[in-house]
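Be aware that the sequence shown starts at 0, since it is given in numbering that gives the first Met the number 0, and climbs by one per residue. Built from N, CA and C at the ideal position, the CB exists for glycine as well. In this text, all values refer to a predicted model and were calculated from it rather than measured experimentally.
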Amino acid sequence: MLQIPELLAPAGDLERLRYAINYGADAVYCSLPEFGMRSAPANFTPEQLTEGVIYAHARGRKVYLTMNTLPTNEEADRLPEAIKAAAAAGVDAFHIDVMDGHFVPAISFGTGMVRTMERLTTKPLDVHLMVEKPLDFLPELEELGVKRVSVHYEIPGGPEAALRAICAAGMQAGLVLNPETPVESALPYLAQISQLLLMTVYPGRGGQVYLPGSNEKIAAAKSLLQGQGSNTVIQVDGGITPGTLPGAYAAGARSIVAGSAVFYGNIYQNVCALRSEKAKP
Ligand code: DX5
Ligand code: ZN
Numbered sequence: 000m001l002q003i004p005e006l007l008a009p010a011g012d013l014e015r016l017r018y019a020i021n022y023g024a025d026a027v028y029c030s031l032p033e034f035g036m037r038s039a040p041a042n043f044t045p046e047q048l049t050e051g052v053i054y055a056h057a058r059g060r061k062v063y064l065t066m067n068t069l070p071t072n073e074e075a076d077r078l079p080e081a082i083k084a085a086a087a088a089g090v091d092a093f094h095i096d097v098m099d100g101h102f103v104p105a106i107s108f109g110t111g112m113v114r115t116m117e118r119l120t121t122k123p124l125d126v127h128l129m130v131e132k133p134l135d136f137l138p139e140l141e142e143l144g145v146k147r148v149s150v151h152y153e154i155p156g157g158p159e160a161a162l163r164a165i166c167a168a169g170m171q172a173g174l175v176l177n178p179e180t181p182v183e184s185a186l187p188y189l190a191q192i193s194q195l196l197l198m199t200v201y202p203g204r205g206g207q208v209y210l211p212g213s214n215e216k217i218a219a220a221k222s223l224l225q226g227q228g229s230n231t232v233i234q235v236d237g238g239i240t241p242g243t244l245p246g247a248y249a250a251g252a253r254s255i256v257a258g259s260a261v262f263y264g265n266i267y268q269n270v271c272a273l274r275s276e277k278a279k280p
């Protein structure tokens, strides 16, 4: 007999959640709009989710909150055009966020998207691995000719093995520090890395607000690198807009990742706006 350990049902709204539970679902999964789930199950408001959780828990069932930044079909269709527009506007490289659903709650592009991007552009690919086991991804990234791979300081066991493997594969290595990780954590790895990526939002999703204190952290990283005679480039990632970019640049960031500020609206104009902000004092 087939054993189903847990019967999961998508709960797009409260009525469907109640229905799923009353008809025997062991757990339901729901999403909140701000976590980027743009396809079924439909989004709950925080109030509805709270009500749904109370309802499910009162009946001994679980609720999983799903967070997902995978592109919708429509977005995937628009990808080639968007990549072309961004390249024409003069972006230097494409930054690809890979999320595994463990290191961060969301699941996003895997190596399949890196393969697609490799076909769509000749610009360098800069892969940001928000994953617990970066070593599993490296052979394919190497095969795809990825220029640079960044791994998090905070992964279980630390980043040493992954950084060594990235360098051994002939790719450039980047080390990523979460907002709460002090810049001094990068010290033991400076010889291996060409890029120090400072998260200026909490990793896991786009569209967040640039965290206060980020510019001070960039400046601290800059003086740490200078003190060590290191020419490692500081990259910033998260919440970059024409408003936040000048501060990051002035503090010492020289590689700028922008998602929402590029891809929402007119891509060409957005890139030009970001580039002109960089030049301002
Ligand atoms: C956060 C990612 C960022 C982010 C950038 O987990 O690493 O690359 O998506 O997106 P915006 O520019 O929208 O903050
Ligand atoms: Zn990123």
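First and last residue of the uninterrupted beta strand (DSSP E) at residue i
i, result
"residue 172", "171-176"
"residue 256", "254-256"
The ligand ZN heavy atom lying under 7 Å from the CB of residue i
i, result
"residue 236", "yes"
"residue 286", "The structure shown does not extend to residue 286, since the chain is modelled only from 0 to 280, so the question has no answer here."
"residue 56", "no"
Heavy atom of the ligand DX5 within 7 Å of residue i beta-carbon
i, result
"residue 202", "yes"
"residue 227", "no"
"residue 217", "no"
"residue 268", "no"
"residue 154", "no"
"residue 207", "yes"
"residue 116", "no"
"residue 239", "yes"
Sequence-distant residues of the same chain with beta carbon closer than 7 Å to residue i, five excluded per side
i, result
"residue 96", "107, 108, 127, 129"
Close-in-space but distant-in-sequence residues of the same chain around residue i (CB under 6 Å, 5 per side omitted)
i, result
"residue 223", "182"
"residue 79", "119"
"residue 256", "94, 236"
"residue 252", "217, 233, 235"
Extent of the continuous alpha helix (DSSP H) to which residue i belongs
i, result
"residue 145", "Premise fails: residue 145 is in no alpha helix (DSSP H) and is neither H nor E."
"residue 119", "110-119"
Cut-off 8 Å between Cβ atoms - residues of its own chain near residue i, not counting five sequence neighbours on either side
i, result
"residue 261", "85, 90, 269, 270, 273"
"residue 101", "130, 131"
"residue 177", "151, 152, 153, 198, 201, 202"
Cross-strand partners of residue i (DSSP beta bridge)
i, result
"residue 93", "124"
"residue 83", "DSSP lists no partner for residue 83."
"residue 27", "8, 62"
Residue i Cβ short of 7 Å to the ligand COA heavy atom set
i, result
"residue 96", "With respect to the ligand COA, the structure shown offers nothing to examine, as its ligands consist of the ligand DX5 and the ligand ZN."
- Meets three-Cβ-pair contact criterion under 8 Å: the segment 156-170 and the segment 131-138: Segments in contact, yes.
- Spell out a yes or no on whether the segment 76-85 and the segment 138-157 are touching, meaning 3 or more CB-CB pairs, one atom from each, closer than 8 Å. Judged by Cβ distances under 8 Å, the segment 76-85 makes no contact with the segment 138-157, as fewer than three pairs qualify.
- Task: Evaluate the contact criterion for the segment 213-221 versus the segment 109-116: three or more CB pairs, one atom per stretch, below 8 Å.
- Result: Counting C-beta pairs with one atom in each stretch, the segment 213-221 and the segment 109-116 have fewer than three that are closer than 8 Å, which means they do not touch.
- Taking contact to mean at least 3 C-beta pairs separated by less than 8 Å, is the segment 235-244 in contact with the segment 51-63? With a cut-off of 8 Å, the segment 51-63 and the segment 235-244 do not count as touching, because too few Cβ pairs lie within range.
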